[in-house]
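In my numbering, the protein residues as written are 915 to 1270.
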């Protein structure tokens, strides 16, 4: 049986990888995508998402545009995007044609609510960007924790440094108010004893994939070459820090070319940060965990978000020992097998690309 899944993205290099990870998974039925401002502006996120889906032969999947800015800002007010990480377009060196499809006439928050109501107790929600759209959806439909089968979030950093400030991870840093609203919504539902609308079972804790785990999901040039060879045959040279900056892919397959051009930029970014010529695959891991949570071990905790700290705003704090005397509202991902992740995802993705 397939798993109906709704994704909220800020596409983004690793978001593009995440979308293709889902589309290549025969167990995943991607029923809709919400776009949020984050890695790039929300207009660019929509353009990137529509283009990736069209290249993948899935222009039929509805894409909805979210709010232009985090909750604390007025719509249209400027905020910092991650163009240093993902490039000006959000897809590194990749260039894509404008998609023929359009976003839906309803916004991303409404898309969340419609998708959940259409599949009560069955829909899996995945967020790989800031939590702005989901927070707005919860305001419109407070019963979302009961309507969703499971929620998976790529965000936060638990007992681990941030990648945006010393303590804050990017997605939470962009909209910490939204992140807090989401965690608080699940806390409230759990504290009042809410159960699934499908079978009355206790709510499943949201699965949170933070930097403490996702920075272990390391794509290397050799792993990317493995994907390339599985798609187009042997003979592809692995990318290298010695290559001229911005060297473009010569792959014949258009989606492989997109991934190679996008990922080269991502490799160069990590190299410039002193992390090596590698790429952290945060979002594809969360996407795979949304379909198969058995790939990760978790620990329950009460999670909250710091809003007022002068130097700790956006920090995700997990109470592992119950000092707050609150019920756990999250299952925090703590360990996995990164090699096994790539062993299962890369051949499947290659088969999907070959079939296009």
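C-beta atoms are modelled at their ideal positions from N, C-alpha and C, and glycine is treated no differently.
Residues bridged to residue i by DSSP?
| i | result |
| --- | --- |
| residue 949 | 923, 979 |
| residue 1194 | 1132 |
| residue 1039 | 920, 1065 |
| residue 1233 | 1216 |
| residue 1263 | DSSP lists no partner for residue 1263. |
| residue 1044 | Bridge partners of residue 1044: none, in fact. |
| residue 942 | 917 |
| residue 1116 | 1109 |
| residue 1121 | 1066, 1245 |
For residue i, tell me which candidate among the options has the shortest Cα-Cα distance.
| i | options | result |
| --- | --- | --- |
| residue 1065 | 920, 1142, 1155 | 920 |
| residue 1105 | 1243, 918, 1039, 943 | 1243 |
| residue 1118 | 1080, 1207, 1045, 1196 | 1207 |
| residue 1056 | 1030, 1070, 1069 | 1030 |
| residue 1078 | 922, 938, 1252, 998 | 998 |
| residue 1198 | 1187, 935, 1049 | 935 |
| residue 1054 | 1036, 1099, 1081, 1069 | 1099 |
| residue 1140 | 1131, 1111, 1170, 1161 | 1170 |
| residue 1223 | 1041, 925, 1080 | 1080 |
| residue 1133 | 1240, 1263, 1252, 1047 | 1252 |
| residue 1193 | 1000, 1047, 1216, 1124 | 1000 |
| residue 1111 | 1103, 1082, 1060 | 1060 |
| residue 1246 | 1035, 1126, 1028, 928 | 1126 |
| residue 1146 | 992, 1261, 979, 933 | 1261 |
| residue 1154 | 1215, 1179, 1172 | 1179 |
| residue 1263 | 930, 1181, 918, 1052 | 930 |
| residue 1096 | 1052, 1028, 1158, 1115 | 1052 |
| residue 1047 | 989, 1115, 1240 | 989 |
| residue 980 | 1012, 1050, 1032 | 1050 |
| residue 1231 | 915, 991, 932, 1070 | 1070 |
| residue 1196 | 1162, 1067, 938 | 1067 |
Which of the three DSSP states, helix, strand or coil, is assigned to residue i?
| i | result |
| --- | --- |
| residue 1216 | strand |
| residue 1168 | helix |
| residue 1021 | coil |
| residue 1225 | coil |
| residue 1148 | coil |
| residue 1244 | strand |
| residue 1005 | coil |
| residue 1205 | helix |
| residue 1108 | coil |
| residue 987 | coil |
| residue 973 | coil |
| residue 1029 | helix |
| residue 963 | helix |
| residue 1075 | coil |
| residue 1249 | strand |
| residue 1082 | strand |
| residue 956 | helix |
| residue 995 | coil |
| residue 1270 | coil |
| residue 1210 | strand |
| residue 1089 | coil |
| residue 1096 | helix |
| residue 1239 | coil |
| residue 1157 | coil |
| residue 1016 | coil |
Less than 7 Å between C-beta atoms, sequence neighbours within five positions excluded: which residues of the same chain meet that for residue i?
| i | result |
| --- | --- |
| residue 1221 | 1090, 1091, 1094, 1227 |
| residue 1255 | 1131, 1199, 1202, 1209 |
| residue 1034 | 1061, 1111, 1112 |
| residue 1103 | 1059, 1060, 1117 |
| residue 1212 | 1121, 1245, 1246, 1247, 1248 |
| residue 955 | 995 |
| residue 917 | 941, 942, 943, 1038, 1205 |
Enumerate in chain order the residues of its own chain whose CB-to-CB distance from residue i is below 6 Å, with the five nearest sequence positions on each side excluded.
| i | result |
| --- | --- |
| residue 1152 | 1135, 1136, 1139 |
| residue 976 | 946, 1018 |
| residue 1172 | 1008 |
| residue 1082 | 1076, 1228, 1229 |
| residue 1238 | 1216 |
To which residues of the same chain is residue i closer than 8 Å at the C-beta, ignoring the five residues directly before and after it?
| i | result |
| --- | --- |
| residue 1142 | 1150, 1165, 1170, 1174 |
| residue 993 | 951, 983, 984, 987, 1088 |
| residue 978 | 946, 947, 948, 949, 1017, 1018, 1020, 1021, 1022, 1024, 1025 |
| residue 1014 | 968, 973 |
| residue 958 | 1003, 1004 |
Are the C-beta of residue i and some C-beta of chain D separated by less than 8 Å?
| i | result |
| --- | --- |
| residue 1215 | Looking for chain D here will not work: only one protein chain is present. |
_Using 8 Å as the cut-off, can you tell me whether the region 953-964 makes contact with the region 993-1013, which would need three or more C-beta pairs spanning the two stretches below that distance?_
yes
*Within the chosen definition, does the region 963-978 reach the region 1072-1086 through at least 3 CB pairs nearer than 8 Å?*
The way I'd put it, the region 963-978 doesn't touch the region 1072-1086; fewer than three beta-carbon pairs between them come closer than 8 Å.
*Does the pairing of the region 1084-1096 with the region 982-990 give three or more beta-carbon distances under 8 Å?*
Touching, yes.
*Report yes or no: do the region 924-939 and the region 1036-1047 share at least 3 C-beta pairs separated by less than 8 Å?*
yes
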